[in-house]
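In the UniProt record's numbering, the protein residues as written are 1 to 451.
Below: one structure, written as structure tokens.
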Amino acid sequence: MSVLVISILLALAGAIIFSLIGLVSGTDETAIMVPFTLLVILLGAPPEAVFSFFMAAVLAKHLTHAIPTALMGIPGDTTAVPLIDHASSLRRLGVPHVALRKMLSGGLIGAFIALPTAVLFGQFLGQFADFFKSSSGLIFTLAAILIAYFSKGKWVSVLMIIPFAFFIKSIDTFSFSVVEKHLSTSFFLGIAIGPMLSDILFSLSPAARKGLVRSSAKEYHLAPETKSWRGYFPNPFRVLTGRQTAYTAATSFVSSLTFAFSPVGMTSLMGEIVGSRNKGVYKKASSSLASMNGVTESTYIAEAIIPLLAFGIPLSPVALGPASPLFNAPPVFTSEPVNNLHNMLTPWEFFLYGLIGLVIAALIAYPFAMNYARRATVFVMKNISQEAIVGMFIGLACLLAFHEAQLVGVMLTLTMAAVGGLLNRVLGVSSGVQFMIFYGSTYMMSKLLGV
């Protein structure tokens with residue numbers, strides 16, 4: 001079977017799977033994308049097909065995450081949190097379906113702007129690749145401090161950098177003495193599923209369970225389904241006004257260049273800028289939602305492509321989180337030394353196979369969400385257990401950890417998940433900060449302790 005056919009099939013699988021996952025509110029991008037991407041890589045898919053799968057998954061997930069965000073006021077994932085206020089404003093006006101359509105159309109436009117922008121900018125930055133590779137340890141350490149300071153945990157995140165690096169290096173040294181190789185997949189998975197596992201641990205603790213107990217079930221009121229277009233695939237340029245299209249294009253382009261910044265932060269910033277230039281609740285909310293969902297797409301796509309194409313080492317929040325398997329998935333991909341998509345794909349192939357993923361996801365997720373959003377939401381709320389979804393991802397993580405190092409890998413993953421998850425939930429040390437500390441832990445401990 002040719003690489004092109006495999007890429008199309010995997011993009012199709014990624015689009016379908018993540019279109020459905022996006023309907024489940026509160027799913028964390030890192031926790032769901034890392035295990036699936038690792039699975040595709042370790043099953044032996046060609047590099048081109050892996051990239052198509054990831055691009056399709058990103059677009060599909062960030063399109064359908066708009067459904068619970070707009071219709072129920074529950075963030076579909078982390079990047080949807082900044083959109084809640086504007087979505088709630090339109091819901092109070094009785095037009096949640098308008099909020100949904102604006103978000104979906106903005107996301108679609110943002111994705112197709114981000115791909116060529118990221119490829120071109122990645123080529124430009126590739127001129128400085130040698131410097132970044134030779135200084136990666138120092139860069140990761142400085143980036144960990146910077147990201148920690150601007151995270152929700154702020155000073156406690158900064159203070160935890162050295163202790164957490166020491167913890168990582170300690171269990172790495174111990175696991176090496178048992179299996180005689182340094183593990184990385186198990187570390188990634190542990191950090192990724194940490195927030196999920198911490199919720200389970202809270203539920204098992206009489207002392208912590210009180211914060212999870214609810215006196216009654218939540219009630220959701222969904223607006224009736226309406227359709228204002230003919231055919232199955234609505235034109236996003238007709239859903240948005242010309243002014244909204246311009247705002248979305250501009251914010252998506254700018255955010256594609258800021259690959260080192262937090263996607264959530266860029267989404268909030270661009271939403272504020274667009275909102276400040278529109279008067280009236282309806283115009284302000286609808287224009288902001290279109291631009292903000294475009295930015296969620298553009299930041300995720302650009303923050304994966306630019307470090308991959310330019311450096312081959314993960315130097316962005318997305319590269320350290322959801323896209324981390326594209327850089328490190330031993331023994332297939334590694335970043336020290338660089339042996340991943342950076343070496344295996346040309347800039348033209350990044351564009352071509354990324355485009356395949358985006359086109360297939362657009363053909364599946366966009367019309368599905370526009371035409372069947374309400375029915376899909378009702379089905380998920382009535383029939384899909386969020387606890388079952390959490391259990392599935394934790395089980396998949398354990399399976400991949402076992403593949404890497406048998407029982408040692410599973411124990412390491414669960415240990416990292418327990419510690420990292422509690423740091424995340426209790427102290428606000430985000431997964432992005434933890435990933436950055438993991439990458440810089442060897443450098444930090446060698447400088448401080450000589451090990």
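Don't be surprised by glycine CBs; every beta carbon is placed ideally from N, CA and C.
Alpha carbon of residue i to alpha carbon of residue j, nearest angstrom
i, j, result
"G354", "F402", "31 Å"
"V345", "S431", "Sequence inspection shows Leu at residue 345; the Val mentioned does not correspond to that position. About 28 Å."
"A87", "R238", "20 Å"
"P263", "A323", "13 Å"
"P82", "I74", "11 Å"
"S177", "V408", "11 Å"
"S234", "D85", "Reading off the sequence, residue 234 comes out as Pro, not Ser. So the alpha carbons of these two residues sit roughly 26 Å apart."
"G271", "I162", "35 Å"
"I200", "F112", "38 Å"
"L358", "L240", "20 Å"
"L4", "G450", "48 Å"
"A70", "S89", "10 Å"
"S446", "M196", "32 Å"
"A80", "S19", "15 Å"
For residue i, three-class secondary structure by DSSP
i, result
"F435", "helix"
"A329", "strand"
"K429", "Checking the sequence shown, residue 429 turns out to be Val, not Lys. Note: V429 maps to coil in three-state DSSP."
"T64", "helix"
"residue 454", "Not covered by the structure: residue 454. The range shown for the chain is 1 to 451."
"T334", "strand"
"N339", "strand"
"P163", "helix"
"T37", "helix"
"K154", "coil"
"G409", "helix"
"A323", "coil"
Chain-order list of residues whose beta-carbon lies under 8 Å from that of residue i (same chain, five-residue window excluded)
i, result
"F131", "none"
"F202", "A208, R209, G211, L212, R425"
"I171", "L412, T415, M416"
Cβ-based burial, residue i [other Cβ within 10 Å; buried from 16]
i, result
"Y372", "exposed"
"M1", "exposed"
"G190", "buried"
"N328", "buried"
"Q406", "exposed"
"E297", "buried"
"M392", "exposed"
"F164", "buried"
"Q244", "buried"
"T185", "buried"
"L448", "exposed"
"S335", "buried"
"T173", "exposed"
"G14", "buried"
"R91", "buried"
"S246", "Looking at the sequence shown, residue 246 is not Ser but Ala. Under this definition A246 is an exposed residue."
"H65", "buried"
Whole-angstrom C-beta distance between residue j and residue i, which should lie under 8 Å
i, j, result
"L326", "F435", "With 8 Å as the limit, L326 and F435 do not qualify as a contact, their Cβ atoms being about 13 Å apart."
"L12", "I360", "6 Å"
"V390", "C398", "Their Cβ separation, rounded to whole angstroms, is 13 Å, which puts V390 and C398 out of contact at 8 Å."
"I193", "A31", "5 Å"
"G122", "L309", "3 Å"
Residues near residue i by beta carbon distance below 6 Å, same chain, minus five either side
i, result
"V338", "G312"
"G428", "K152, G153"
"F259", "A302, E303, I306, S316"
Sequence-distant residues of the same chain with beta carbon closer than 7 Å to residue i, five excluded per side
i, result
"F140", "M436, Y439, G440, Y443"
"I41", "V50, P325, A329, V332, F333"
"P47", "L341, M344, L345"
"V34", "F188, L189, A192, P322, S324, P325"
"A118", "S256, I301, A302, I305, I306"
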